[in-house]
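As structure tokens, the structure follows; a few thoughts come after it.
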Amino acid sequence: VEQARQARVLLISSADAHQPDDLEFREWPVHCVKGTAGAELIPEARAAHQLVVPNQENFVFSDDLRRYPQVLLEKDTLDVFDNPNTGTLLSRLAASQESSAGSNLDFLVFGVVTEYCVDRAAGGLLRRGYGVSIIRDAIQSLDEKKGREILGELASRGARLITTEQALRLIGRAAQDRS
């Protein structure tokens with residue numbers, strides 16, 4: 576995350592932002608309740624200035640998303656694509672990328688939990704035609720066997736499985752390409 580910040584590579588993060596009575600708490604322990612410290616990104620994962628995109632319809636995006644070093648998509652389910660603004664954000668970024676560089680967007684995916692949020696984020700990006708690289712030493716599974724199966728499925732659909740070291744090289748190249 577720090578390398579991306581220094582290279583001025585846009586960070587797109589998702590974070591749970593639950594209401595105290597969210598349905599998800601029927602299956603999972605109470606966690607990440609909006610407005611509590613538990614719902615905040617840890618400092619190492621947070622840029623000084625970020626655009627927070629709530630999990631509600633009709634959010635109005637800034638004209639220039641690139642002025643934010645980080646966009647934080649709030650979610651109250653396992654799937655970041657359940658936030659009605661995720662698709663709009665990706666479309667806007669793709670249009671901006673195509674007009675400036677003529678290439679498709681590529682995403683580095685990392686976080687927890689492999690067989691839930693990572694799977695849904697990477698799978699959703701792949702379904703929409705984006706490039707996906709999963710940083711395998713920056714993810715964690717609850718069930719190692721299931722996590723390996725999920726990674727195999729995502730790789731068979733086109734995701735690249737890379738290391739943090741490889742991700743840092745990609746970030747460095749992206750920064751050089753923009754210079």
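Quick note on the working numbering: the sequence shown kicks off at 576 and runs consecutively.
Built from N, CA and C at the ideal position, the CB exists for glycine as well.
Computed from a predicted structure; not experimentally measured.
When DSSP builds the beta bridges, which residues end up paired with residue i?
i: Glu-649; result: Ala-590
i: Val-628; result: Leu-648
i: Arg-735; result: Ser-708
i: Gly-613; result: None, per the DSSP bridge assignment.
i: Val-576; result: For Val-576, which the question treats as bridged, DSSP gives no partner whatsoever.
i: Gln-715; result: Val-687
i: Val-608; result: His-593
Pop quiz: residue i and residue j are said to be a contact at Cβ under 8 Å. What is the actual Cβ separation, rounded to whole angstroms?
i: Ala-620; j: Val-576; result: 5 Å
i: Leu-700; j: Phe-682; result: 5 Å
i: Ile-725; j: Asp-694; result: 5 Å
i: Leu-668; j: Leu-640; result: 7 Å
i: Tyr-614; j: Asp-638; result: It is Ala, not Tyr, that sits at residue 614 in the sequence shown. At roughly 28 Å, the Cβ-Cβ gap does not stay under 8 Å, so Ala-614 and Asp-638 are not in contact.
i: Pro-595; j: Val-608; result: 6 Å
Can you list, in chain order, the residues of its chain whose CB lies under 7 Å from that of residue i, leaving out five sequence neighbours each side?
i: Gly-677; result: Any reading at Gly-677 is ruled out, since the residue's pLDDT is 48, under 50, leaving its predicted position unreliable.
i: Asp-597; result: Asp-651
i: Asp-657; result: Lys-650
Between which residues of its own chain and residue i is the CB-CB distance below 6 Å, once the five residues before and five after are set aside?
i: Leu-717; result: Val-688
i: Gln-672; result: Leu-680
i: Arg-583; result: none
i: Ser-589; result: Leu-648, Lys-650 and Val-655
i: Ala-750; result: Ala-582
i: Val-627; result: Leu-647
By a C-beta neighbour count over all protein chains shown, 10 Å radius and 16 as the cutoff for buried, is residue i buried or exposed?
i: Phe-636; result: exposed
i: Gln-690; result: Note that residue 690 corresponds to Glu in the displayed sequence, not to Gln. Glu-690 is buried by the Cβ-count criterion.
i: Ala-612; result: exposed
i: Ala-623; result: exposed
i: Ala-670; result: exposed
i: Val-707; result: buried
i: Asn-660; result: buried
i: Ala-722; result: This sequence places Gly at residue 722; Ala is not what is there. Classification of Gly-722: buried, given that the 10 Å Cβ count is 16 or more.
Residues in its own chain within less than 8 Å of residue i by CB, not counting five upstream and five downstream?
i: Thr-738; result: Ile-710, Arg-711 and Asp-712
Would you mind reading off the limits of the alpha helix (DSSP H) that contains residue i?
i: Asp-694; result: 694-702
What span of residues does the beta strand (DSSP E) with residue i cover, start to end?
i: Val-687; result: 681-687
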